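Residue numbers (this note's numbering): 1 to 125.
All residues carry an ideal CB built from backbone N, CA and C; glycine is no exception.
Predicted, not measured: the structure shown is a model, and the values here were computed from it.
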């Protein structure tokens with residue numbers, strides 16, 4: 001299964017890497033990102049960087065934000081799994097304690113009532 005995962009990873013990530021490198025080389029010109037919507041010409045709230053850098057940063061930010069939101073929304077499932085794991089451990093301990101042989105149980109190789117030492121004690125037929 002690990003070879004399959006490796007092959008799938010190569011099939012997906014190698015072409016993706018090639019496309020990203022080609023886009024980065026093709027979009028090296030600088031662009032200005034204006035963060036002030038009311039005065040775009042204001043240089044205080046603007047950032048000048050190569051286009052590929054801004055695009056890659058936006059992709060990374062989106063991936064990080066999506067990962068965080070997914071992690072946050074699945075918190076209730078992780079909490080439930082922790083509770084159930086603790087319950088399973090508790091029940092396993094309880095089961096182990098219940099299965100242990102008690103001292104009142106007679107081992108299989110021992111008779112419950114001792115056999116008489118001789119046949120003389122037996123009644124006649």
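- Within the region 42–110, the complete beta strand (DSSP E) runs of at least 3 residues fall at 46–50.
- Going by C-alpha positions, residue 19 is about 13 Å away from residue 55.
- For residue 27 against residue 68, the beta-carbon gap comes to about 28 Å, at or over 8 Å, which does not count as contact.
- Under the DSSP definition of a beta bridge, residue 32 partners with 48.
- The beta carbon of residue 30 sits closer than 8 Å to the beta carbons of 48, 49, 50, 51 from its chain, once the five residues preceding and following it are set aside; these are given in chain order.
- Under the criterion of beta carbons closer than 8 Å, residue 35 and residue 46 qualify as touching, at roughly 6 Å.
- Across the structure, residue 65 and residue 8 are spaced so that their CA atoms are roughly 25 Å apart.
- Per DSSP, residue 13 is one residue of the alpha helix (DSSP H) stretching across 2–26.
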